[in-house]
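Here's the structure we're looking at; comments come further down.
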Amino acid sequence: MNWFIETFRTSIGKKLLMAITGLGFLGFIAMHLMGNLTLFAGRDAFLAYVEALHGLEAFILVAEIGLLVFAIIHVFMGLTLYLANNNARKVRYAVQKSGGGRNIGSATMPYTGLVILLFLILHLNNFSFADVSDDRTIYEVVTATFASLGYVVIYLVAAVALAIHIRHGFWSLFQSLGLNHDKYMPAIRKIGIAFAVVVGAGFALIPIYLNLTV
Ligand code: HEM
Numbered sequence: 008m009n010w011f012i013e014t015f016r017t018s019i020g021k022k023l024l025m026a027i028t029g030l031g032f033l034g035f036i037a038m039h040l041m042g043n044l045t046l047f048a049g050r051d052a053f054l055a056y057v058e059a060l061h062g063l064e065a066f067i068l069v070a071e072i073g074l075l076v077f078a079i080i081h082v083f084m085g086l087t088l089y090l091a092n093n094n095a096r097k098v099r100y101a102v103q104k105s106g107g108g109r110n111i112g113s114a115t116m117p118y119t120g121l122v123i124l125l126f127l128i129l130h131l132n133n134f135s136f137a138d139v140s141d142d143r144t145i146y147e148v149v150t151a152t153f154a155s156l157g158y159v160v161i162y163l164v165a166a167v168a169l170a171i172h173i174r175h176g177f178w179s180l181f182q183s184l185g186l187n188h189d190k191y192m193p194a195i196r197k198i199g200i201a202f203a204v205v206v207g208a209g210f211a212l213i214p215i216y217l218n219l220t221v
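Residues in the sequence shown are numbered consecutively from 8, following our numbering.
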């Protein structure tokens, strides 16, 4: 057991945990986007999706607990790696100006991550913990939220931050899992960009569409 804990004290162990939890989030994001796309089909389609989801009570409970544990690990490890990186850079900068292995993608991860975290607190407060009834279902909660231009802008900022985070995170998680074969990396990089664009565009278009049409 000791070796297990010791592994996650190392920077490689921390990156491995970031990769595993990040992979879990990618799965959630893909499912969440697919479900939310029913909003384009109207009230009945969206409510049928939400009802079907809530029918899977045990699965949802396990998924919610899993997401929370993954989020705690991801944020904590990310913060630890960021602080360690910062300290290492201060030492390196005394010798040479540019530290190895950093680029715009990796350097913005803590900031896009922070934007996503702040967005999630607001999002869960608005939607997951909303008071719903037969007269005011989750559909009315969602459409009332996106009737506000301020919320549309917040969701657009979050969608862009999420796309930038995924663009680097996707590629990086394959590196951390040791699946960075020269032959496959260009393809993995392209798939990561495609995934980021689809997720960013999907989550951005929903609030814009509802603001303009409902
Ligand atoms: C157009 C954008 C989005 C819409 C319309 C939307 C809609 C919703 C709704 C309606 C719920 C509550 C589900 C329920 O309890 O029945 C929810 C929960 C949630 N959303 Fe979103 N969402 C959007 C974007 C996002 C994004 C970008 C993320 C992640 C970065 C996200 C993460 C979550 C999480 C973690 C939950 C809680 C899941 C749970 O409790 O089972 N959402 N969302």
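We put the CB at the ideal spot given by N, CA and C, even for glycine.
Query: The ligand HEM and glutamate 222: does any heavy atom of the ligand fall closer than 7 angstroms to the residue's C-beta?; Result: Residue 222 falls outside the range modelled here, since the chain spans only 8 to 221, and no answer is possible.
Query: Specify, as a first and last residue, the run of the alpha helix (DSSP H) that asparagine 132 falls within.; Result: Taken as a continuous stretch (DSSP letters only), asparagine 132 belongs to no alpha helix (DSSP H), as it is neither H nor E.
Query: Threonine 150 and histidine 81 look like a contact to me (Cβ under 8 angstroms); what is the Cβ gap, rounded to whole Å?; Result: Not quite, the Cβ-Cβ distance comes to about 31 angstroms (not below 8 angstroms), so this is no contact.
Query: Could you tell me whether the region 211 to 218 touches the region 151 to 165, using the rule of 3 or more Cβ pairs below 8 angstroms?; Result: yes
Query: Could you check how far apart the C-beta atoms of leucine 40 and glycine 209 are, in whole angstroms? I think they sit under 8 angstroms.; Result: 5 angstroms
Query: Report all residues from its chain with a CB closer than 7 angstroms to the CB of tyrosine 146; omit the five preceding and five following residues, and keep chain order.; Result: Arg50, Phe53 and Leu54
Query: Leaving out five residues on either side along the sequence, give the residues of the same chain with a beta carbon under 7 angstroms from the beta carbon of isoleucine 171.; Result: Thr115 and Thr119
Query: Just reading off the alpha helix (DSSP H) that leucine 156 is part of, what are its end residues?; Result: 156 to 183
Query: In the structure shown, what three-state DSSP assignment does leucine 44 receive?; Result: helix
Query: Since valine 206 and leucine 169 should fall inside the 8 angstroms C-beta cutoff, what is the C-beta to C-beta distance between them, to a whole number of angstroms?; Result: 6 angstroms
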